[in-house]
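Numbering (full-length UniProt numbering), first residue to last: 1 to 471.
Next up, the structure:
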């Protein structure tokens with residue numbers, strides 16, 4: 001397909017690292033097939049990309065012939081702490097932000113015809129804007145197919161659910177393993193703050209208006225779930241939307257978002273470590289650990305006598321005094337064995353031969369990255385999609401172990417030591433490594449020519465071409 005055929009799409013993304021980066025990677029796959037892409041996000045996204053991008057050509061990347069960026073105000077200043085006051089930030093995005101987004105898209109359509117508007121689930125208003133303008137829309141689901149299936153069946157009353165107050169209640173849903181309530185996404189549970197639950201209620205109302213549902217997973221990872229949804233709301237996996245580096249493809253000098261500056265010195269440090277000797281530890285950009293949990297992890301690492309690379313993100317502005325700190329003397333006692341950084345280039349870390357396993361919160365992007373890298377997992381899920389991700393990946397494919405924790409949500413020193421031992425040297429360690437490598441092979445094949453995700457992207461582009469021809 002050539003750009004002369006004038007196939008243009010808009011992708012609207014939330015200003016979150018775990019949303020912007022998959023969006024950019026999907027956009028590049030569309031561009032490689034001749035589609036022109038306009039990416040829209042909030043001004044906060046532009047600010048973060050300019051501050052912490054690993055690309056040297058960020059500003060010029062916003063303006064090129066194939067991909068164009070537009071930004072709108074969510075109604076809050078750039079220095080407003082959205083993570084600390086999530087309720088205010090959500091309300092502002094869905095009121096002031098939605099109006100600004102509508103104005104922006106409407107103005108864009110006065111000068112250009114668009115074949116599709118692809119919406120982030122957190123900015124569902126884009127689906128309604130597309131409907132008002134008579135433009136076909138799609139949903140770009142940023143979590144596994146399993147979560148889409150569970151949410152669809154719950155909010156559309158397709159299947160009956162047990163008492164969600166009891167975490168041990170069991171339920172069996174089509175295409176999924178036997179679950180307990182504690183495995184469900186936390187936004188379904190009664191303890192979830194209303195403003196977070198309301199986001200899901202409102203976004204699911206818009207789902208019946210979209211023509212396509214794209215998921216950043218891949219068929220071989222969730223085939224039973226995908227097939228179970230065919231008669232309800234077909235899902236089209238287009239992932240894993242990880243970096244070209246992880247997929248073994250040629251890297252591009254492409255923009256990406258990082259919440260904080262990347263410390264590249266950790267890659268040089270890994271070069272000094274033996275093969276499969278380092279425990280990599282990171283809990284993503286949102287999870288905040290308690291002081292007790294930080295202490296327990298530190299003590300377990302010290303007791304294990306294993307090499308480690310630990311990412312401890314900087315505290316939020318204004319919360320420095322409350323942030324958990326490493327135990328006194330820890331860095332000195334582990335000098336030569338471990339390294340602590342504030343942020344890493346995670347995909348390059350996971351692909352480094354020195355890395356033996358990944359202690360992770362099991363956020364979906366981290367899961368896809370470790371699956372594609374072929375690295376075994378120590379799973380420590382906390383909330384949102386993480387318990388479900390652990391159930392459908394780690395427990396199903398046996399590419400790691402699940403960490404148990406006490407009633408206070410904290411894993412003990414002994415439990416952390418058990419998991420480290422089991423993944424690195426236990427009787428099942430070799431099987432976990434082999435299972436992880438099988439997943440790596442499947443992930444890469446999905447996006448290769450003729451792979452399951454590659455076919456879905458090609459079909460979408462053909463559909464867009466037909467829309468453009470008929471309009």
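Backbone N, C-alpha and C fix where the C-beta goes; we use that ideal spot for every residue, glycine too.
For the 8 Å CB-CB criterion, residue 347 and residue 246 form a contact.
Taking a cut-off of 8 Å on C-beta distances, the region 169–184 does not touch the region 106–114, as fewer than three cross pairs fall below it. Here residue 448 is exposed: its Cβ has fewer than 16 other Cβ atoms, across all protein chains shown, within 10 Å.
Judged by DSSP in its simplified three-state form, residue 70 adopts strand. Proximity to residue 303 across 143, 435, 445 and 415 peaks at 415, based on C-alpha coordinates. Between the C-alpha atoms of residue 243 and residue 25 there is a straight-line separation of about 7 Å. Rounded to the nearest whole angstrom, the C-alpha separation of residue 144 and residue 442 is 16 Å. Your pair residue 279 and residue 356 checks out as a contact, with CB atoms roughly 6 Å apart and the cut at 8 Å. Residue 104 and residue 452 have their C-alpha atoms some 35 Å from each other. Under the three-state reduction of DSSP output, residue 369 falls in the helix class.
Approximately 7 Å separates the beta-carbon atoms of residue 285 and residue 313; this is inside 8 Å, confirming the contact.
According to DSSP, residue pairing for residue 116 in a beta bridge involves 9. Spanning the alpha carbons of residue 195 and residue 50 requires a straight line of approximately 30 Å. Residue pairing by DSSP places residue 310 opposite 281 and 340 in a beta bridge.
Between residue 9 and residue 124, the C-beta spacing is not below 8 Å. Distance from the CA of residue 162 to the CA of residue 43, rounded to the nearest whole angstrom, comes to 42 Å. Per DSSP, reduced to three states, the secondary structure at residue 207 is helical.
In the DSSP secondary-structure assignment, residue 379 is bridged to 360 and 402. Pairing residue 388 with residue 147, the inter-Cα distance amounts to about 7 Å. Counting along the chain, the unbroken alpha helix (DSSP H) around residue 26 starts and ends at 17–31. The Cβ atoms of residue 413 and residue 299 lie closer than 8 Å to each other. Straight-line measurement puts the Cα of residue 378 at about 14 Å from the Cα of residue 431. Burial state of residue 365 is buried, judged by a 10 Å Cβ sphere holding 16 or more other Cβ atoms. Taking the Cα of residue 410 as reference, the smallest distance to any Cα among 291, 267, 338 and 340 is reached at 291.
For residue 275, the three-state secondary structure derived from DSSP is coil. Inter-residue distance for residue 217 and residue 41 is about 22 Å (C-alpha atoms, whole angstroms). Around residue 117, the same chain offers 10, 126, 130, 135 and 137 as residues with beta carbons nearer than 6 Å, after the five sequence neighbours per side are excluded. Under the three-state reduction of DSSP, residue 191 is assigned to coil, being neither helix nor strand. In the displayed model, residue 245 falls within coil according to three-state DSSP, outside both helix and strand.
Note: residue 171 is bridge-paired with 179 in the DSSP secondary-structure output.
At the C-beta level, residue 358 and residue 338 stay beyond 8 Å of one another.
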